[in-house]
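Residue numbers are given in this note's numbering: position 273 of the first sequence equals residue 273, and the series is strictly consecutive.
Below: the structure, in structure tokens.
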Amino acid sequence: MEIRDAEQGSAVKIVGVKDFYLPHIFECGQCFRWNRQEDGSYIGVAKGKILHIEQREDELILHNSSIDDFHTIWMPYFDLARDYGRIKKILSQENEILKEAVAYGWGMRILKQDIWEMLISFIISANRSMRMIQKSITLLCEKYGEYIGIYQGQRYYDFPKAEVLMRQSPETIRNVTRVGYRSPYIVGTAKMVAEGKIDLCQLESLSTKDARRELMRLPGVGPKVADCILLFALGKQDAFPVDVWIRRAMENLYFAGKETPPKQLCRYGEEKFGDLAGFAQQYLFYYVRDLKVW
DNA sequence: TCGCAGGGACTCG
DNA sequence: CGAGTCCCTGCG
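Structure below.
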């Protein structure tokens with residue numbers, strides 16, 4: 001991998017990127033704020049910055065970014081230091097379906113996203129489909145988030161702060177963002193975070209188990225939502241979120257198609273895949289959901 | 001036009 | 001624990 005300053009200094013070019021493909025990364029259910037452009041590039045907001053990212057073969061162009069931002073923000077965000085080739089090789093040896101899943105989502109990366117943003121995003125995600133989640137989060141940011149700037153004629157907003165959300169009435173949030181009965185969870189969680197009843201910054205230093213238990217103290221956070229936060233924000237790659245798609249996949253792969261409680265499936269995944277559980281989950285999820293295998 | 005499916009957390013037996 | 005309920009959207 002090699003990093004270069006592109007043309008005008010507002011873009012960074014990276015060559016020799018392996019195991020990386022934007023649609024696999026952005027369409028696998030881990031993030032909600034990246035929009036595909038007509039030319040196949042994506043524009044999104046993270047850490048208060050607008051990034052326009054474009055890929056040509058093994059070349060990555062980060063528009064609207066400095067080299068400094070690349071190193072401090074985007075390199076960790078896209079998990080670029082990790083050798084996914086090794087992970088894919090190990091998982092491919094597990095079984096035929098996993099091998100196909102890895103081949104299908106070959107360019108997937110587990111993003112390292114902001115803990116607060118993931119917390120609220122996955123509370124909103126509970127019991128809803130991808131498009132509805134995206135819509136609600138866009139509305140939430142436009143209504144309560146700080147204006148960041150304009151890019152190619154489009155205005156962009158940061159993810160709203162806990163201090164702002166805690167002051168809203170659940171009814172208003174509900175009407176504005178279409179999150180339904182989840183709105184009190186958003187306000188309740190925002191209150192707990194803003195009042196220091198939970199310290200999001202120190203969660204990463206806890207064990208996966210302890211961090212999970214902490215997260216589940218928050219309203220609207222159950223086992224599945226907690227596991228998503230562990231995986232997508234806290235770098236706990238041994239977490240194994242079980243949603244309906246993973247449930248179907250696991251039951252068919254390892255439980256002879258028999259109905260099995262999510263808790264048991266989660267434990268099985270964690271034990272079988274260990275430190276790679278989260279990666280296995282992502283490849284599987286993308287594959288079975290996209291192709292509707294089961 | 002409408003009824004139904006889809007999707008997790010919470011509450012109550 | 002298991003069953004029922006919560007809400008919105010898209011689809012047939």
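C-beta atoms are modelled at their ideal positions from N, C-alpha and C, and glycine is treated no differently.
Would you mind working out which of the options sits nearest residue i, comparing C-alpha positions?
i: residue 260; options: 187, 247, 105 and 119; result: 247
i: residue 333; options: 41, 146, 84 and 48; result: The question about residue 333 has no answer, for the chain in this structure spans 1 to 294.
i: residue 219; options: 234, 206 and 191; result: 191
i: residue 160; options: 57, 100, 115 and 98; result: 115
i: residue 203; options: 234, 95, 195 and 290; result: 234
i: residue 50; options: 39, 34 and 221; result: 34
i: residue 273; options: 250, 60, 288 and 1; result: 250
i: residue 173; options: 140, 222 and 135; result: 140
i: residue 57; options: 32, 38, 17 and 185; result: 17
i: residue 75; options: 46, 103, 224 and 94; result: 46
i: residue 94; options: 294, 279, 48 and 292; result: 279
i: residue 152; options: 268, 264 and 44; result: 44
i: residue 142; options: 125, 130, 122 and 164; result: 164
i: residue 195; options: 166, 222, 214 and 211; result: 166
i: residue 96; options: 254, 270 and 264; result: 254
i: residue 179; options: 226, 200, 222 and 131; result: 131
i: residue 21; options: 106, 68 and 228; result: 106
Can you tell me whether residue i is buried or exposed, with buried defined as 16 or more other CB within 10 angstroms of its CB?
i: residue 181; result: exposed
i: residue 27; result: buried
i: residue 282; result: buried
i: residue 298; result: The requested residue 298 does not occur in the structure, where the chain is confined to residues 1 to 294.
i: residue 162; result: buried
i: residue 53; result: buried
i: residue 266; result: buried
i: residue 189; result: buried
i: residue 216; result: exposed
i: residue 158; result: buried
i: residue 275; result: exposed
i: residue 4; result: exposed
i: residue 205; result: exposed
i: residue 109; result: buried
i: residue 103; result: exposed
i: residue 228; result: buried
i: residue 85; result: exposed
i: residue 269; result: buried
Keeping to the same chain, check which residues put their C-beta closer than 7 Å to that of residue i; ignore five residues upstream and five downstream.
i: residue 208; result: 230, 236, 238 and 239
i: residue 99; result: 92
i: residue 65; result: 11, 12, 51 and 74
i: residue 134; result: 32
i: residue 185; result: 123, 219 and 220
i: residue 183; result: 170, 173 and 174
i: residue 294; result: 248, 249, 252 and 288
Mind checking who residue i pairs with in its DSSP beta bridge?
i: residue 24; result: Residue 24 pairs with nothing; no bridge assigned.
i: residue 50; result: 45
i: residue 156; result: 149
i: residue 11; result: 63
i: residue 35; result: 43
i: residue 55; result: 60
For residue i, which residues from the same chain have a beta carbon less than 6 Å from its beta carbon, with the 5 sequence-adjacent residues on both sides left out?
i: residue 232; result: 30, 113 and 118
i: residue 245; result: 285, 288 and 289
i: residue 362; result: Residue 362 lies beyond the stretch modelled for the chain, which goes from 1 to 294, so this question has no answer here.
Does at least one heavy atom of the ligand COA sit under 7 Å from the Cβ of residue i?
i: residue 185; result: This structure simply doesn't include the ligand COA, nor any ligand for that matter.
Quick check on residue i: does DSSP put it in helix, strand or coil?
i: residue 173; result: helix
i: residue 110; result: coil
i: residue 197; result: coil
i: residue 288; result: helix
i: residue 60; result: strand
i: residue 134; result: helix
i: residue 127; result: coil
i: residue 4; result: strand
i: residue 79; result: coil
i: residue 93; result: coil
i: residue 191; result: helix
i: residue 225; result: helix
i: residue 279; result: helix
i: residue 98; result: helix
i: residue 240; result: coil
i: residue 262; result: helix
i: residue 17; result: coil
i: residue 233; result: coil
Once you ignore the five residues that flank residue i on each side, which residues in its own chain have a CB closer than 8 Å to its CB?
i: residue 111; result: 25, 30, 31, 77, 78, 79 and 232
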